[in-house]
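Reviewing the structure listed below.
Chains as they are written, first to last, in the UniProt record's numbering: chain A, 1 to 292; chain S, 1 to 270.
Next comes the structure, spelled out in structure tokens:
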């Protein structure tokens, strides 16, 4: 087996790491989810599926799934449409193309922490002279307490615009790559057949040709929305802790498993397993629906 | 039509640049100017000395956390390129009975959102005694199934003739990889390297979980800690944010070609 030795020489170091830092944790997590484990990472008392039952009837956990759904319902379609629009616009111009592409891509260099800082303390800081409230003031509107108001829940506007700014450029690049793979002769043929250059070309040539890109973008957007943590933690968190509203699943998991109120690894692990199954299910389903 | 396009793009570009402008404006102002009752476009007097004060402030371990971030990002980038590159090549090019088993294990990790494994990974890393330790920050992030998968896809399309010439010259798998394949794949390595560096520099949840004492904070954790507390000067916070973005803006501007190509190659195929 001379290839065997060479294979493990190349793949071995990575495979060992993958086992230790991905598969062992997952296995341990499955084990811990069946046990009581508070303030310790060693299982203490076997409780069977009780942690799962607790999580599935736990109001804040279910609310966190609701928060994710609301967030995804905003962020997935908005990012998709706006990134596609930017890609179409940038792709159609010839002068200053690289400039615009760079400007839209540049926010990718920023972290969610930095963006949260700007959004929370500068644009939407809730005082009369904050940027958003200054602009509202020009139209005679009253200042809005953006991040602390729950009715209406203005914090959604803060969180959604923040993520849009950070991720639009990345998805725009994916769409531009997809657009550049569409053969020009398809458009020419369509125009000869009388299709309009705008809407009909988009509808009958561009969108069908972008099918694989679109599926990939939707999947990535959904998984990314589901993993929301950074901007929620930094925009809504305060020195007194995190408010009871707008906790996405990872925020909830973070406070359950590692929060200051007591480290509950049993329930935290059960929650992680439920979330993993959920996202894997949605991913498989979405992949199936869109590739049909 | 053309004018409309440029108008739309310019308006969008202004919106996209506003946050960068705000970081600079707020970081170079005085506290009084930031809390002034009317909006000023640019501070009356730009306070460059804010930089010196920021780095001299013992309450803000900015220099220390920047060094931590840099060390973590460089080690993770280099480690991923070496480990995932080798593994990707082995999976793509070395015929072996169990290579499909390993491949399935790699691809399966793509289905598990990395963020959900932070609880179990924390459990393992804390058992190893790596909390608030450089090892805990760096090592778990080295074994990226995604990067390995991308390398495999790339090496599958690498021209076989080039490798065969090396084989005829008497090189084995190891020699072929290092002397022929890697030097001919610099662009791809650069692209994945930039992506790994940016991702590592900007990551927040894992360092937040694992870097529990102040000496091990990365810059994102440091910024966040001051953002969610009352105890810091807002001007310094913005200036610290500006300083934290700087390394990436430099990387971006210098390597944008590779980065854009890398994103478009990886994102869609992945």
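Cβ atoms here follow ideal geometry from the backbone N, Cα and C, with glycine treated the same way.
Among the options, the one whose alpha carbon lies nearest that of residue i
i: residue 226 of chain S; options: S:96, S:107, S:238; result: S:238
i: residue 127 of chain A; options: S:46, S:32, S:211, S:37; result: S:37
i: residue 174 of chain A; options: S:221, S:84, S:261; result: S:261
i: residue 173 of chain S; options: S:102, S:56, S:86; result: S:86
i: residue 15 of chain S; options: A:131, A:7, A:51, A:40; result: A:131
i: residue 24 of chain A; options: S:180, S:118, S:178, S:257; result: S:118
i: residue 8 of chain S; options: A:216, A:90, A:47; result: A:90
i: residue 246 of chain A; options: A:95, A:276, A:151, A:49; result: A:151
i: residue 120 of chain S; options: S:209, S:223, S:2; result: S:209
i: residue 10 of chain S; options: A:288, A:101, A:8; result: A:101
i: residue 180 of chain S; options: S:190, S:52, S:160, S:199; result: S:160
i: residue 128 of chain S; options: A:41, A:248, A:187; result: A:41
i: residue 31 of chain A; options: A:16, A:48, A:192; result: A:48
i: residue 181 of chain A; options: A:213, A:288, A:133; result: A:213
i: residue 154 of chain S; options: S:131, S:139, S:191, S:171; result: S:191
i: residue 257 of chain S; options: S:73, S:106, S:186; result: S:186
i: residue 97 of chain A; options: A:143, A:176, A:33; result: A:176
i: residue 49 of chain S; options: S:32, S:41, S:66, S:28; result: S:28
i: residue 218 of chain S; options: S:204, S:229, S:230; result: S:204
Proximity below 9 Å, CB of residue i to CB of residue j
i: residue 64 of chain S; j: residue 169 of chain S; result: no
i: residue 124 of chain S; j: residue 236 of chain S; result: no
i: residue 148 of chain A; j: residue 243 of chain A; result: yes
i: residue 222 of chain A; j: residue 72 of chain A; result: yes
i: residue 81 of chain S; j: residue 193 of chain S; result: yes
i: residue 19 of chain S; j: residue 208 of chain A; result: no
i: residue 218 of chain A; j: residue 179 of chain A; result: no
i: residue 188 of chain S; j: residue 251 of chain S; result: no
i: residue 145 of chain S; j: residue 22 of chain A; result: yes
i: residue 164 of chain A; j: residue 75 of chain A; result: yes
i: residue 249 of chain S; j: residue 118 of chain A; result: no
i: residue 200 of chain A; j: residue 189 of chain A; result: no
i: residue 89 of chain S; j: residue 6 of chain S; result: no
i: residue 96 of chain S; j: residue 7 of chain A; result: yes
i: residue 138 of chain A; j: residue 146 of chain A; result: no
i: residue 231 of chain A; j: residue 162 of chain A; result: yes
i: residue 57 of chain S; j: residue 134 of chain S; result: no
i: residue 91 of chain S; j: residue 103 of chain S; result: yes
i: residue 204 of chain A; j: residue 80 of chain A; result: no
i: residue 249 of chain A; j: residue 233 of chain A; result: no
i: residue 230 of chain S; j: residue 239 of chain A; result: yes
i: residue 33 of chain A; j: residue 241 of chain A; result: no
Local Cβ density within 10 Å of residue i, reported as buried at 16 or more and exposed below that
i: residue 55 of chain A; result: buried
i: residue 259 of chain S; result: buried
i: residue 268 of chain S; result: Confidence in residue 268 of chain S is poor, its pLDDT being 44 and thus under 50, which makes the residue's placement unreliable; the coordinate value appears in the next sentence. By the 10 Å Cβ count, residue 268 of chain S comes out buried.
i: residue 197 of chain A; result: exposed
i: residue 281 of chain A; result: exposed
i: residue 14 of chain A; result: buried
i: residue 21 of chain S; result: exposed
i: residue 67 of chain A; result: buried
i: residue 99 of chain A; result: exposed
i: residue 76 of chain S; result: buried
i: residue 157 of chain S; result: exposed
i: residue 35 of chain S; result: exposed
i: residue 258 of chain A; result: buried
i: residue 263 of chain A; result: buried
i: residue 39 of chain S; result: exposed
i: residue 95 of chain A; result: exposed
i: residue 194 of chain A; result: exposed
i: residue 101 of chain S; result: exposed
Cross-chain neighbours of residue i in chain B, by beta carbon under 7 Å
i: residue 121 of chain S; result: Going by chain labels, chain B is absent from the structure shown, which instead holds the protein chains A and S.
* To do: Kindly confirm or deny that the stretch 108-115 of chain A and the stretch 237-253 of chain S touch, where touching means at least three C-beta pairs closer than 8 Å.
  => A contact between stretches requires three or more CB pairs, one per stretch, nearer than 8 Å, and the stretch 108-115 of chain A meets this requirement with the stretch 237-253 of chain S.
* Asked: Is it true that the stretch 79-91 of chain A meets the stretch 251-271 of chain A, where meeting means three or more beta-carbon pairs spaced less than 8 Å apart?
  -> At 8 Å Cβ cutoff, the stretches do not touch.
* Asked: Between the stretch 54-86 of chain A and chain S, which residues of the former have a C-beta closer than 8 Å to a C-beta of the latter?
  -> Hits within the stretch, in order: 86.
* Contact the stretch 115-127 of chain A vs the stretch 158-168 of chain A: 3+ CB pairs below 8 Å -> As far as the Cβ criterion goes, the stretch 115-127 of chain A touches the stretch 158-168 of chain A, which means the pair count is three or higher.
* **Residues, ordered as in the chain, of the stretch 223-243 of chain A that lie near chain S by beta-carbon distance below 8 Å** => Taken in chain order, the members of the stretch 223-243 of chain A whose beta-carbon sits within less than 8 Å of a beta-carbon on chain S are 223, 226, 227, 229, 230, 233, 234, 237, 238, 239.
* **Interface residues of the stretch 183-197 of chain A facing chain S [CB-CB below 8 Å]** => If the cut-off is 8 Å between Cβ atoms, the stretch 183-197 of chain A has nothing near chain S.
* **the stretch 185-206 of chain S: positions lying closer than 9 Å to chain A by Cβ** => Cβ contacts with chain A come from 198, 201, 202, 203, 204, 205.
* Does the count of Cβ pairs from the stretch 33-51 of chain S and the stretch 153-168 of chain S closer than 8 Å reach three? -> The stretch 33-51 of chain S is not in contact with the stretch 153-168 of chain S.
* Listed in chain order, which residues of the stretch 86-103 of chain A have Cβ atoms closer than 9 Å to some Cβ of chain S? -> Those would be 86, 89, 90, 92, 93, 95, 96, 98, 99, 100, 101, 102, 103, in chain order.
* Report the residues of the stretch 107-127 of chain A with a CB closer than 9 Å to any CB of chain S, ordered along the chain. => Hits within the stretch, in order: 107, 108, 109, 110, 111, 112, 113, 114, 115, 116, 117, 118, 119, 120, 121, 122, 123, 127.
* Asked: Using Cβ-Cβ distances below 9 Å, what residues of the stretch 265-282 of chain A are close to chain S?
  -> Cβ proximity to chain S below 9 Å picks out 265, 268, 269, 271, 272, 273, 275, 276, 279, 280 from the stretch 265-282 of chain A.
* **Residues of the stretch 79-91 of chain S with Cβ closer than 7 Å to any Cβ of chain A, in chain order** => Going along the stretch 79-91 of chain S in chain order, one finds 83, 84, 86, 87, 89, 90, 91 with a Cβ nearer than 7 Å to chain A.
* **Near-chain S residues of the stretch 144-173 of chain A (beta-carbon distance less than 7 Å), N- to C-terminal order** => Taking 7 Å as the upper bound on Cβ-Cβ separation, chain S lies near residues 165, 170, 173 of the stretch 144-173 of chain A.
* **Chain-ordered residues of the stretch 209-231 of chain S with a beta carbon less than 7 Å from chain A** => So the list reads 209, 220, 223, 224, 227, 228, 229, 230, given in the order they occur along the chain.
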